[in-house]
Each structure stands twice: as structure tokens, then as C-alpha cells.
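Notes for the one structure printed next.
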Amino acid sequence: MAFFLQLVVTGFAQGMVYALVALGFVIVLKCSKAFNVAQGQFVMIGGYLGYTFLGMLHLPVWFSLIIAIALAIIMGLVVERLLLRPMVGKPVLAIIMVTMGLATLLDAFAVFFWESQYLTYHGLLPTINLRVGEISVPPETIIGIMVSIVAVAMLMIFFRYTRIGLAMRSTAEDEQVVQVAGIKVTTVYAVSWAIAWVVGIIGGILLGGQGGVTIQMENVGLKVFAVVLLGGMDSVEGAVVAGIMLGMLENIAAGYLDPLLPAGGLATVFPFIVMIIVLIFKPYGLFGLKRIERI
Amino acid sequence: MDLPCGTFQENYAQDMAFIRTKTQWGILAAFLILLFTFPLFLSDTLLSIAIVIGITVISVHGLNILTGYCGQISLGHAAFMAVGGYVSAILCAKLGWSFFTALPCAALSAGLVGLIFGLPSLRIKGFYLIMATVAAQFIVIWVILQLYSVTGGPNGLPVPRPEIGGMVLKSKASYFYLVMIFAILATIMAKNLVRTRVGRAFIAIRDNDLAAEVMGINVFRYKLLAFFIGCVFAGVAGSLLVHYITYAFPAQFPFLDSVWYLGMLIAGGMGSISGGIFGVIALKLLDYAVTLAGPAASDIFPALSGPAGAALGLFIRGLVIILFVIYEPRGLIHRWELIKAYFRLWPFSR
Chain X
13 MAFFLQLVVT
23 GFAQGMVYAL
33 VALGFVIVLK
43 CSKAFNVAQG
53 QFVMIGGYLG
63 YTFLGMLHLP
73 VWFSLIIAIA
83 LAIIMGLVVE
93 RLLLRPMVGK
103 PVLAIIMVTM
113 GLATLLDAFA
123 VFFWESQYLT
133 YHGLLPTINL
143 RVGEISVPPE
153 TIIGIMVSIV
163 AVAMLMIFFR
173 YTRIGLAMRS
183 TAEDEQVVQV
193 AGIKVTTVYA
203 VSWAIAWVVG
213 IIGGILLGGQ
223 GGVTIQMENV
233 GLKVFAVVLL
243 GGMDSVEGAV
253 VAGIMLGMLE
263 NIAAGYLDPL
273 LPAGGLATVF
283 PFIVMIIVLI
293 FKPYGLFGLK
303 RIERI
Chain V
47 MDLPCGTFQE
57 NYAQDMAFIR
67 TKTQWGILAA
77 FLILLFTFPL
87 FLSDTLLSIA
97 IVIGITVISV
107 HGLNILTGYC
117 GQISLGHAAF
127 MAVGGYVSAI
137 LCAKLGWSFF
147 TALPCAALSA
157 GLVGLIFGLP
167 SLRIKGFYLI
177 MATVAAQFIV
187 IWVILQLYSV
197 TGGPNGLPVP
207 RPEIGGMVLK
217 SKASYFYLVM
227 IFAILATIMA
237 KNLVRTRVGR
247 AFIAIRDNDL
257 AAEVMGINVF
267 RYKLLAFFIG
277 CVFAGVAGSL
287 LVHYITYAFP
297 AQFPFLDSVW
307 YLGMLIAGGM
317 GSISGGIFGV
327 IALKLLDYAV
337 TLAGPAASDI
347 FPALSGPAGA
357 ALGLFIRGLV
367 IILFVIYEPR
377 GLIHRWELIK
387 AYFRLWPFSR
């Protein structure tokens, strides 16, 4: 039982970060209809930035967080202006290929600046030790959960109560109507990309603090796809619920089944197995909108 | 069509022919002679690049049929190659089959695995289907790692070179001929397939699947058929690749390759068989140029040595994809057609 609860707790912490990152993906998909393959790369860059600021330059945590977020916003705006703006109205595949090119470019950055090494900055994020009975909660995960909850809550408030949040929600509904109403759609796109970068970078810093950074961290992006599919492509709440669910399921499945498998490593493919099952039986996810098409 | 003035189609056979004029026959003959004398004057490195280009052409034809013609985007093509490669490797290395009996089995099993991962295409398309094929990539590689008693896991499996009538194709030149024969056959098959009833059904599904269904095309069957055919091509390519390297290991078939095959298709021109060939040749040569340029650049700028060289390769790959999609979305083949039209219409072209 203790083993099970331990897995659930670690899974919850991981799932919270997945949810946060998935939120960035869903926002871009909803607002600008761009399927962002590079979301995992944002996370990886975030991890490396976390190492640079905390592990290498020894900056205080709050200060590094502010710089990282500022950098993320700038990157978001630059990427949107240079790569995605020319693609407005182009076919889906073309936009996917552009983000795939972006992913490759970011890989190149990681190789260039950090030589794609395995780097850690354990114990540099603030830690809280917590023990409930036999279950010990890994110290970095509490702060991870807290930061993720705060970030998700802030995004929700942002969507519900601010002017630009309203503009983003309506852009997701109907782009043309929004333009007629006098809202600049390009601003909405730019903001959505900035948000995607910010959540990616925050997620990267949190995950990097827990388990170190490698270039493999971009695989979080692939898990995020599974999260988004499970939650429903166009649902913000779905992304959060599915993120937590997938984080837990992945940990439980890996914890119990890995010893039974010849080569283990179930955690790396588990999201994909979930993905296939969801795709076959419930293609629009748990909370997704079912689309009806006409010629 | 871009036939010269005064070429008339007088019967059905002429209408269907690929090659209509004497000039075209001449160019084809010259090209084939050049192709089959490559081993005589190409250096060893260039010859191995030519072999890899030939193998990739086969694989990209499959992807072109699936993605370019039927519109079902696949990001798991390297995994389907892996299936073909591993089946052929196991049959040859463990059971002692000959290459030519193992090849059809490899192609067929790759096709069947493709069929399985194509099943979700019944209900989903677009983003969702892409995800299913990404899942295929990772699940297939994971299964290969799990079956390490048969596949050798991460260490791989040594594979013999193919044998024809007691003669082992040990040299690069002989393997080059084998690959080129397969590449030419694949090209002819692909080019013919896309103008049959099946190929036209694929195109109808790509352009509008609802309209295609109304027209009486069994969309699901044809989508599955596209998956099957595309993956059969991938299986053949994977088998050829494994026998060329004489080793099968999972890292041969990375996710990045799946992405890069799609990149080749886009650079060359999607939905055009010659476009696929153009894309493969251009981007493989670009890759080679990058591997040459890396050390050369680090001689001039010492700062560029080591990982920066690797970064340069990735950087150029990413940039090429982005620039092509933004500035030349119809691919190299479109530019090629424009150039041909320019010379055909000269001096009236502008």
C-alpha cells in the first residue's frame, strides 16, 4: 500500500507539470490552430536555462525565474512573428512542419550552448520535506506541485477575467467574427505563443530540478500529446485533469509492470499506449468537443 | 503536360506513355547509363551516399503514397522501416533464409504493422492521426527492445549481406546495383500506382474525404490500403538498409528520421513521385555537405569545433524545413517545372 501511495504522490507531482505544459499546447492549438510539435523542446530549453541560472550563475531563485519568464516571453513573440505569422491560413501540415523545424532549431541550440549534456541542479530549488506515515514526498516535488497549481490558476483567472483573455477565448470560437469585432488576432496569436513558452520554461525548470536535464527531456513534449489527446484537444480543463491522470497512471504502471517486462522502460511508451487506446475508443478525449463536418 | 509543341497523342498507349519524345528517351538512356556507371568513378563515400539515397527514395515513395497522395500524414515511417529491417534480419541471421525470400516477408510484415496503426484512421484524421503514427514509432522501437532474445535489444543483430546464385554482394558497387534496381522498380510502381483507380481514389480522399465517400469510394478501405502500400515500401527500404549496414539496431530508425522523411517530401514537393526523388537527393546531399562543412568551418573558426559542428547540422536541417515551408511550399519540383517551362517557351518566356 505504501508503495502504491508513493507512486501516486510522485505521479501526481509529475502529472501537475505535464498539465502545466499541456496547457501551453492547448492554448496555442485553440487560439492559432497551430499544432505545436516543439512544446517538448520549450521544456528542455527551460531545464537548461534553469541549470544556467541556478546551477552555473548561482542567481537567487526568484530572480532567475523572472529572467527565465522574460526570456520565454521574448522567444514566444519572436517565434510567432518570424515563423508562425507567415503561416496564417496555410494548411495544417505546413504549420506542423514549421514547428517541427523550430523543434530541430531548438535542439541545435541545446547542442550548441549546453552540448546536450546531462546536467543537474539538485537542491537549488526551495525544498519542503514532508513525510506522511510511510510515504516520503521527494523534497522538490512539493514546490513543483505548488508552482504548477499557482501557474494553472493564474492562467485560468487570466482567461476568465482579463480583456485579452476574453479576446483569446473568442478567437478560439471564431476568428473572423473576432476580427470584425475589432480585436487584433495577431496580438492574440503572439500572446498564446508567449504563454506556451512561459509554461514550457517553468515546467522545464521544475522537472530539471527534480531529475536533471538532458536533451531527452524534449520527450515530455510527446507525453504532452498523450495528455492533450486524453483530455480532448480543445479543452483547457481536460488538459489539467488528463495531465494529472496520466502522470499517476504512468508511475503506477511503470512501478508495477516494469519488473515483469524483459527490458522494462514502460514509462517511455505508456503515454503512447494510452494514446492509441484513446484514439480508437474515444477519439475526442474526455472533455473534447465532437466536431461534425460538412462538405 | 510539358510536352513540346507538335506532339500528338494518337492512341491510348501514347496517351498513357511516360516517355513520348526521342529527346526524353535520350535523356532517360543517358541517365541510366550514368547511374549504372556510378561505381566506376564515384569515390567510396559518395557511393555509400548514393546507396543510402537509393534506399531512402524507396522509403519516401511509400510515404509519398501515404501522405502526399492519400493525405494521411505519417510520423512513424522510420518505425515501419524498422519492422521490415528486423523481420528480414531475423529471418536471414537466425533462420538462415536467403535475402530474396526474406524480403517479401519483411515487406508484408511492415505492411501489416502499418495496417494496425492505420486502423485508427477509420475515425480520426489530421492531428489525431499524426499522434497515432507517432505512437507507432515509439511502440515499435520499444517492442524491438523488449524482444531482446530475438532482436538483440539495444546491441543489435548482425546481418549477412545478400547472396545471388552463390555470389555474395560484398562490395559497395554490387550492393549499389541491387539498391538501384529496387529503387527504379519502386519508382515505376509508385508512378503507375498513382494513376490507377486506386491512386485516383487516394487523391480524392486527400482532397476531400467526405466528398470521396459520397462519390462511392470506400474511404476506410482505401485509407488502410494506403497505409499498407506505404509501409510495404518502407519495409523493403528497411530490409535493404539493414543488409547494407550488415547490422540491425534500434538507433538506425530514430524518430528524427521519420520527421526528416516528411521534410524531404516537403522540400521535394508532396504528391509528386519525382518530387520525392528530388527531395531525397537534395536533402541527403545537404546532409553530406553539412558533414563536410562542419570540420572545414572549425578549421577557420576554432570556436565551431566539437559539439558546434553537430549543432550546425541540426541547425541547417531545421532552417531548411522552415524556409521551404514558408518560401517554397510546393517544393523543388515546382521550381524545376518552372525552369523547364522557361526553356521550352524560350524566347517567349519571361
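Heads up: the protein sequence lines correspond to chains X and V, in order. When we follow the working numbering, the leftmost residue of the first sequence carries the number 13, and every step to the right adds one. When we follow the working numbering, the leftmost residue of the second sequence carries the number 47, and every step to the right adds one. Ideal placement from N, C-alpha and C gives every residue a C-beta, glycine not left out.
For residue i, would you say it is in contact with chain V, using Cβ-to-Cβ distances shorter than 8 Å as the test?
| i | result |
| --- | --- |
| residue 234 of chain X | yes |
| residue 38 of chain X | no |
| residue 124 of chain X | yes |
| residue 55 of chain X | no |
| residue 113 of chain X | yes |
| residue 7 of chain X | Absent from the structure is residue 7 of chain X, since the part of chain X shown begins at 13 and ends at 307. |
| residue 195 of chain X | no |
| residue 108 of chain X | yes |
| residue 287 of chain X | yes |
| residue 119 of chain X | yes |
| residue 295 of chain X | yes |
| residue 227 of chain X | no |
| residue 167 of chain X | no |
| residue 291 of chain X | yes |
Do we get a CB-CB distance below 8 Å when we pair residue i with the residues of chain X?
| i | result |
| --- | --- |
| residue 178 of chain V | yes |
| residue 198 of chain V | no |
| residue 248 of chain V | no |
| residue 266 of chain V | no |
| residue 194 of chain V | yes |
| residue 263 of chain V | no |
| residue 119 of chain V | yes |
| residue 270 of chain V | no |
| residue 191 of chain V | yes |
| residue 202 of chain V | no |
| residue 276 of chain V | no |
| residue 309 of chain V | yes |
Pull the bridge partners of residue i from the DSSP assignment, please.
| i | result |
| --- | --- |
| residue 204 of chain V | V:293 |
| residue 310 of chain V | DSSP, once it has assigned bridges, lists no residue as partnering residue 310 of chain V. |
| residue 230 of chain V | Its beta-bridge partners do not exist; DSSP assigns none. |
| residue 131 of chain X | X:225 |
| residue 209 of chain V | V:214 |
Ignore the nearest five residues each way along the sequence and tell me which others in residue i's own chain have a CB closer than 6 Å to its CB.
| i | result |
| --- | --- |
| residue 301 of chain X | 246 |
| residue 316 of chain V | 114 |
| residue 323 of chain V | 103 |
| residue 84 of chain X | 209, 210 and 213 |
| residue 61 of chain X | 80 |
| residue 204 of chain V | 293 |
| residue 262 of chain X | 279 and 282 |
| residue 217 of chain X | 58 and 62 |
If you drop the 5 nearest sequence neighbours on each side, which residues of the same chain put their C-beta closer than 8 Å to that of residue i?
| i | result |
| --- | --- |
| residue 371 of chain V | 312 |
| residue 71 of chain V | 65 |
| residue 93 of chain V | 84, 85, 218, 219 and 222 |
| residue 50 of chain X | 111, 112, 114, 115, 118 and 233 |
| residue 20 of chain X | 260, 263 and 264 |
When every heavy atom of the ligand ZN is checked, does at least one fall within less than 7 Å of the C-beta of residue i?
| i | result |
| --- | --- |
| residue 117 of chain X | The ligand ZN is not part of the structure shown, which contains no ligands of any sort. |
Assuming residue i and residue j form a contact by the criterion Cβ under 8 Å, report the distance between their Cβ atoms to the nearest whole angstrom.
| i | j | result |
| --- | --- | --- |
| residue 248 of chain X | residue 35 of chain X | 6 Å |
| residue 248 of chain V | residue 116 of chain V | 4 Å |
| residue 228 of chain V | residue 286 of chain V | 6 Å |
| residue 258 of chain X | residue 235 of chain X | 7 Å |
| residue 105 of chain V | residue 283 of chain V | 4 Å |
| residue 200 of chain X | residue 183 of chain X | 5 Å |
Excluding sequence positions up to five away, which residues of its chain have a Cβ less than 7 Å from the Cβ of residue i?
| i | result |
| --- | --- |
| residue 213 of chain V | none |
| residue 277 of chain V | 108, 126, 156, 157, 159 and 160 |
| residue 159 of chain X | 214 and 218 |
| residue 112 of chain V | 118, 120, 272, 273 and 276 |
| residue 138 of chain V | 145, 148, 205 and 206 |
| residue 53 of chain X | 115, 118, 119, 230 and 233 |
**Request:** Using a Cβ-Cβ cut-off of less than 9 Å, list which residues of the stretch 22–48 of chain X approach chain V; keep chain order.
**Result:** Hits within the stretch, in order: 41 and 47.
**Asked** At a Cβ cut of 7 Å, what residues of the stretch 311–338 of chain V count as close to chain X, listed as they run along the chain?
**Response** The residues in question are 312.
**Request:** For the stretch 250–283 of chain X, enumerate the residues whose C-beta is nearer than 9 Å to any C-beta of chain V, in chain order.
**Result:** Of all residues in the stretch 250–283 of chain X, 273, 274, 275, 276, 277, 278, 280, 281 and 283 have a Cβ within less than 9 Å of some Cβ in chain V.
**Message:** So if I threshold CB-CB distances at 9 Å, which residues from the stretch 161–188 of chain V count as touching chain X?
**Reply:** Along the stretch 161–188 of chain V, going in chain order, the ones with a CB nearer than 9 Å to a CB of chain X are 163, 165, 166, 168, 169, 170, 172, 173, 174, 175, 176, 177, 178, 180, 181, 182, 183, 184, 185, 187 and 188.
**Asked** Using a Cβ cut-off of 9 Å, which residues of the stretch 355–378 of chain V contact any Cβ in chain X, in chain order?
**Response** For the stretch 355–378 of chain V, which is checked against every Cβ of chain X, the residues closer than 9 Å are 356, 357, 358, 359, 360, 361, 362, 363, 364, 365, 366, 367, 368, 369, 370, 371, 372, 373 and 375.
**Request:** For the stretch 220–240 of chain V, enumerate the residues whose C-beta is nearer than 9 Å to any C-beta of chain X, in chain order.
**Result:** Within the stretch 220–240 of chain V, no residue has a Cβ that lies closer than 9 Å to any Cβ of chain X.
**Contact set between the stretch 75–104 of chain X and chain V, restricted to residues whose Cβ is under 8 Å from the partner** = Sequence-ordered contacts of the stretch 75–104 of chain X with chain V read 95, 98, 99, 102 and 104 [C-beta pairs closer than 8 Å].
**Message:** Closer than 7 Å between beta carbons: that is the criterion. Which residues of the stretch 282–307 of chain V meet it against chain X?
**Reply:** Correct list: 305.
**Request:** Compile a chain-ordered list of the residues in the stretch 90–105 of chain V whose CB is closer than 7 Å to at least one CB of chain X.
**Result:** Taking 7 Å as the Cβ-Cβ cut-off against chain X, none of the residues of the stretch 90–105 of chain V qualify.
**Message:** Give me the subset of the stretch 236–250 of chain X whose CB atoms are less than 9 Å from a CB atom of chain V, sorted by chain position.
**Reply:** Residues passing the 9 Å Cβ filter: 237, 238, 240, 241 and 245.
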